[in-house]
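To start, the structure itself, in structure tokens.
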Amino acid sequence: MSKIKDKSESTKFSIVRHGFWKYPILMIVLLITVIVMGIWVGSPNWPRATIKNSAQMEPGGTIWAVSQELDGASVSYTDPYAYGMKNPAQRLVIGPLESAKWFLSQKQRQALSTYINAPMTKRIEWAKNYDKAIQKTFPVSKSDYTPVPKMSNISMLRGNFGPVPVIADTILKLAQNGYLETYFQGISPGNTFEYTNIWLYDRPYMLNTAIRNGLTDDQWGMIKERGFAPGPWYLIIPAVAHVLLPAGSTGPGFIFWNSLFAIFALVLFPLIPGLRNIPKYIGLYKLIYAVDPKKSKRSEFSMKGDHYDDNIRKEHKKKKNL
Amino acid sequence: MTDQDDYFAHHKGEPFRFKERKKEVGWLKAALESFAYLPPFNRMFGKVEPSYAESYWYCLGGLTFLSFLFLVITGIILTLFGPPWWLHTPTGVAVKSMHYWSAQAFFFFLFIHVVRVWLTGAYRGERWVNYAIGLTSLFLALGENLFGVLARGDWESQFVAMHSNYMLFGLPLLRLITPSNFTQVILIHVAFIPFTLLVLIGVHVTLVKLQGIARPL
Ligand code: HEM
């Protein structure tokens, strides 16, 4: 560009001191807003789910889950790196019972030793029978909610269950009186919530609560807080990938779509000639500029005391003197 | 010198001449902006801007930065007092909520900041590097948010821990992170990510200062 063209009226843009006086005012306004919202509106805070509470609210769900933790159908059997673990039957059922042996009743101890002394196939057969029998106590459900069997129905069941019903009932009692949660915290001191969370996730109560509050994937749960607006609305980009795009709800798919978006935003959009000029064609920048840089005359916006003005004044002086 | 050269020559720190400024904008504004020229800020703020940047659209990065400071301050208080305090005492809940609303403000200003950067094409030329640094901070901040939810210690933390463990933290490498492990999660949320963010944002703002506001489209 030649100097002459730069000097032309159309490419001139004037210079002002940035209005930093705005910042202290904005800061105080923002500070007050945050304090007022914090005190007045608060923030989402929902008491933790506990094993005790879950077992008291839905004893039937607890019993049913024990049968599945024994027959291999529970969620905790998934990949240990997902929400599962190694050997849920031992960790979540047999281990706790053995640790509590000294205060169990004769009948409960008997059930435990019968179970432990039986061959593996037998143990699984009993648990499977019990699991199937429990599932017959409620109709097949078409809703998203996992059905919760009623205790009165469960206690009526008869069949080739071996010691499994007594074992499940013992776990229920240990859960309801708070022993189980303390036990789980004790065996995993490095991550006290590990087994508690896995145990809770094996039961319908937690997931049903999530469904009730619209927190599952198909309900755009990622950008919601439990009953608290606005929630993390800004997670909309990963949420689109997670909910709408093919395989977005799997780990690799989620990472793929988000990386694709990142590459687009980071590299393609700002660097590719056609793309990077889009803002120029749209022309919305006109709404953003305080003054039209192409039209403004420097003298209107520049201020006394700036170098810039000093230069202009010098120039004027020179011209006058000539 | 051309106009534009002149403009870029202004990116040196400017001394603050209070008396002159008082004449120009009045005593109150001059006093309010004097902070920008104090020694710790001088190199950051003490400069002039092109007149087209005199709109609130150009304050959004600064407001994002302010919200980030609020997040850091409330975050330090929360860390010092611990989960039982922020979950169960009125003062703790209030500070936790201020942390929450600072995050809302942070992302609100951040998103409009990005819109203004896009609409004014401010990512072009040498500013692309700074644009990339900004976007990286945005992605990191979203991750920081996830660990914030996990560190909260309430029902949501439990549910999100289980759910994200299934989807994300079962993948190779990522499985080093166990979202139900409070010690790990709090370390990531209050140390690893915030320090990285602090550095990135520091570099971002310094580069804005060095390169100046992008020329008009
Ligand atoms: C993480 C928090 C961020 C902070 C604290 C921040 C702060 C700032 C500040 C204070 C400015 C000065 C001008 C203004 O306020 O408009 C600025 C400019 C800029 N920001 Fe950010 N920013 C952040 C994130 C981002 C992101 C996510 C992007 C990219 C999408 C970005 C891209 C830019 C660019 C390209 C400029 C230069 C604008 C120009 O020269 O006109 N920033 N930023």
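Line order of the protein sequences matches chains A and B. If you count by numbering that gives the first Met the number 0, then the first sequence holds residues 0 to 321, one letter each, in order. If you count by numbering that gives the first Met the number 0, then the second sequence holds residues 0 to 216, one letter each, in order. Yeah, the Cβ is synthetic: ideal placement off N, Cα and C, and Gly gets one too.
Starting from the Cα of residue i, find the closest Cα among the options and give me that residue.
| i | options | result |
| --- | --- | --- |
| Arg-25 (chain A) | B:Leu-37, B:Arg-20, B:Glu-48, B:Phe-64 | In the sequence on display, residue 25 (chain A) carries Leu and not Arg. The candidate whose alpha carbon is nearest that of Leu-25 (chain A) is B:Phe-64. |
| Ser-53 (chain A) | A:Asn-196, A:Gly-252, A:Gly-230 | A:Asn-196 |
| Ile-222 (chain A) | A:Thr-208, A:Asn-207, A:Ile-262, A:His-241 | A:His-241 |
| Lys-251 (chain A) | B:Pro-171, B:Arg-16, B:Leu-186 | Before going further, note that residue 251 (chain A) is Pro rather than Lys in the sequence given. The shortest Cα separation from Pro-251 (chain A) among B:Pro-171, B:Arg-16, B:Leu-186 belongs to B:Pro-171. |
| Asn-176 (chain A) | A:Trp-45, A:Ile-50, A:Trp-125, A:Pro-203 | A:Ile-50 |
| Gln-157 (chain B) | A:Ile-277, A:Arg-157, A:Ser-104, A:Met-205 | A:Met-205 |
| Ser-73 (chain A) | A:Met-56, A:Glu-57, A:Gln-55, A:Val-92 | A:Val-92 |
| Leu-62 (chain B) | A:Ala-99, A:Leu-96, A:Lys-21 | A:Lys-21 |
| Arg-211 (chain A) | A:Asp-201, A:Val-28, A:Glu-224 | A:Glu-224 |
| Gly-158 (chain A) | A:Ile-133, A:Leu-234, A:Tyr-144, A:Ser-140 | A:Ile-133 |
| Met-56 (chain A) | A:Ser-98, A:Met-150, A:Ala-110 | A:Met-150 |
| Cys-261 (chain B) | B:Ala-30, B:Leu-109, B:Pro-83 | Past the edges of chain B, shown from 0 to 216, lies residue 261 (chain B), and the structure says nothing about it. |
| Phe-137 (chain A) | A:Asn-152, A:Pro-118, A:Leu-173 | A:Asn-152 |
| Val-147 (chain A) | A:Lys-293, A:Ile-27, A:Gly-59 | A:Gly-59 |
| Gly-60 (chain B) | B:Val-71, B:Ser-136, B:Val-24, B:Arg-16 | B:Ser-136 |
| Leu-94 (chain A) | A:Glu-68, A:Tyr-288, A:Leu-243, A:Thr-249 | Position check: residue 94 (chain A) holds Gly in this sequence, whereas Leu was assumed. If we check each option's Cα against that of Gly-94 (chain A), A:Glu-68 comes out closest. |
| Tyr-36 (chain B) | B:Leu-27, B:Val-202, B:Arg-16 | B:Arg-16 |
| Ala-191 (chain B) | B:Trp-127, B:Glu-32, B:Asn-144 | Ala is not the amino acid found at residue 191 (chain B); the sequence shown has Phe there. Of the candidates B:Trp-127, B:Glu-32, B:Asn-144, the one whose C-alpha sits nearest the C-alpha of Phe-191 (chain B) is B:Asn-144. |
| Gln-184 (chain A) | A:Ser-75, A:Lys-293, A:Arg-90 | A:Arg-90 |
| Asp-217 (chain A) | A:Pro-245, A:Tyr-194, A:Arg-202 | A:Pro-245 |
| Ile-123 (chain A) | A:Ala-289, A:Gly-71, A:Thr-181 | A:Gly-71 |
| Ala-93 (chain B) | B:Leu-77, B:Glu-19, B:Val-71, B:Lys-208 | B:Leu-77 |
| Ala-209 (chain A) | B:Gly-169, B:Tyr-55, B:Val-207, B:His-162 | B:His-162 |
| Trp-232 (chain A) | B:Lys-208, B:Asn-180, B:Ala-160, B:Phe-105 | B:Phe-105 |
| Asn-164 (chain B) | A:Asp-78, A:Pro-23, A:Lys-285 | A:Asp-78 |
| Trp-85 (chain B) | A:Lys-106, A:Ala-110, A:Gly-41 | A:Gly-41 |
| Ala-213 (chain B) | B:Asn-180, B:Ile-72, B:Arg-123, B:Leu-139 | B:Arg-123 |
| Gln-183 (chain B) | A:Pro-203, A:Thr-181, A:Leu-179, A:Thr-191 | A:Thr-191 |
| Gly-169 (chain B) | A:Leu-259, A:Asn-116, A:Ala-81 | A:Ala-81 |
| Leu-156 (chain A) | A:Asp-201, A:Ser-140, A:Lys-135 | A:Lys-135 |
| Thr-195 (chain B) | B:Ala-140, B:Phe-69, B:Pro-215 | B:Ala-140 |
| Gly-220 (chain A) | B:Pro-193, B:Glu-155, B:Gly-201 | B:Glu-155 |
| Phe-138 (chain B) | A:Ala-88, A:Ala-261, A:Tyr-178 | A:Ala-261 |
| Thr-145 (chain A) | A:Tyr-200, A:Lys-85, A:Glu-180, A:Thr-181 | A:Tyr-200 |
| Leu-179 (chain A) | A:Leu-96, A:Tyr-280, A:Gly-83 | A:Leu-96 |
| Val-71 (chain B) | B:Leu-197, B:Ala-52, B:Glu-48, B:Leu-175 | B:Leu-197 |
| Pro-206 (chain B) | B:Leu-27, B:Glu-125, B:Leu-167, B:Thr-90 | At residue 206 (chain B) the sequence reads Leu, which differs from the Pro that was named. Nearest of B:Leu-27, B:Glu-125, B:Leu-167, B:Thr-90 to Leu-206 (chain B), Cα basis: B:Glu-125. |
| Met-119 (chain A) | A:Gln-109, A:Trp-101, A:Arg-108, A:Ala-88 | A:Ala-88 |
| Ala-99 (chain A) | A:Tyr-182, A:Ile-277, A:Asn-44 | A:Tyr-182 |
**Message:** Quick test of the definition: if touching needs 3 or more C-beta pairs under 8 Å, does the region 262-270 of chain A touch the region 123-136 of chain B?
**Reply:** Three or more beta-carbon pairs drawn from the region 262-270 of chain A and the region 123-136 of chain B are found closer than 8 Å, and the two stretches are therefore classed as touching.
**Prompt:** Should the region 225-232 of chain A be regarded as contacting the region 162-176 of chain A, the criterion being three or more beta carbon pairs within less than 8 Å?
**Reply:** no
**Request:** Tell me the start and end of each unbroken alpha helix (DSSP H) in the region 25-83 of chain A that is at least 4 residues and wholly inside, in chain order.
**Result:** 50-56, 58-70
**Asked** Taking three-plus beta-carbon pairs below 8 Å as touching, is the region 98-108 of chain B in contact with the region 25-37 of chain A?
**Response** yes
**Message:** With three or more beta-carbon pairs closer than 8 Å as the criterion, would you say the region 166-174 of chain A touches the region 63-80 of chain A?
**Reply:** Short answer: they touch.
**Contiguous alpha helix (DSSP H) assignments of at least 4 residues, all confined to the region 90-120 of chain B** = none
**Asked** Taking any Cβ of chain A, which residues in the region 86-106 of chain B have a Cβ under 8 Å from it, in chain order?
**Response** Leu-86, Val-92, Ala-93, Val-94, Lys-95, Ser-96, Met-97, His-98, Tyr-99, Trp-100, Ser-101, Gln-103, Ala-104, Phe-106
**Request:** Tell me, please, whether the region 178-195 of chain B touches the region 135-151 of chain B by the rule of three or more beta-carbon pairs shorter than 8 Å.
**Result:** yes
**Request:** Note down, in chain order, all residues in the region 34-49 of chain A with a beta-carbon under 8 Å from any beta-carbon belonging to chain B.
**Result:** Ile-34, Met-36, Gly-37, Ile-38, Val-40, Gly-41, Ser-42, Pro-43, Asn-44, Trp-45, Pro-46, Arg-47, Ala-48
**Request:** Ignoring anything shorter than 4 residues or poking outside the region 130-212 of chain A, list the alpha helix (DSSP H) runs there in chain order.
**Result:** 150-155, 163-175, 178-186, 193-200, 203-211
**Whole alpha helix (DSSP H) elements within the region 242-289 of chain A, 4-residue minimum** = Runs of the alpha helix (DSSP H) inside the region 242-289 of chain A: 250-262, 272-275, 277-281, 284-287.
**Prompt:** Quick one, which residues of the region 243-258 of chain A are near chain B if we go by CB-CB under 8 Å, in chain order?
**Reply:** Ser-248, Thr-249, Gly-250, Pro-251, Phe-253, Ile-254
**Request:** Return the residues of the region 254-283 of chain A that lie within a Cβ-Cβ distance of less than 9 Å from chain B, sorted by chain order.
**Result:** Ile-254, Asn-257, Ala-261, Ala-264, Leu-265, Val-266, Phe-268, Pro-269, Leu-270, Arg-275, Asn-276, Ile-277, Pro-278, Lys-279, Ile-281, Gly-282, Leu-283
**Asked** Below 8 Å, can you find three or more Cβ-Cβ pairs linking the region 270-288 of chain A to the region 119-127 of chain B?
**Response** yes
**Request:** Please list the residues of the region 200-212 of chain A that have a C-beta atom closer than 7 Å to any C-beta atom in chain B, keeping them in chain order.
**Result:** Tyr-200, Met-205, Ala-209
**Item:** chain A contacts from the region 53-67 of chain B (Cβ-Cβ distance under 9 Å)
**Value:** Glu-53, Ser-54, Tyr-55, Trp-56, Tyr-57, Cys-58, Gly-61, Leu-62, Leu-65, Ser-66
**Prompt:** Looking at chain B, which residues of the region 55-89 of chain A have a Cβ within less than 8 Å of any of its Cβ atoms?
**Reply:** Thr-77, Asp-78, Tyr-80, Ala-81, Tyr-82
**Request:** At 3 residues or longer, and completely inside the region 139-209 of chain B: list those beta strand (DSSP E) runs for me, N to C.
**Result:** The region 139-209 of chain B contains no whole beta strand (DSSP E) run of 3 or more residues.
**Item:** Runs of alpha helix (DSSP H) lying entirely within the region 84-137 of chain A, each at least 4 residues, in chain order
**Value:** Annotation note: the region 84-137 of chain A contains the following uninterrupted alpha helix (DSSP H) runs of length 4 or greater, listed N- to C-terminal: 94-98, 105-116, 119-134.
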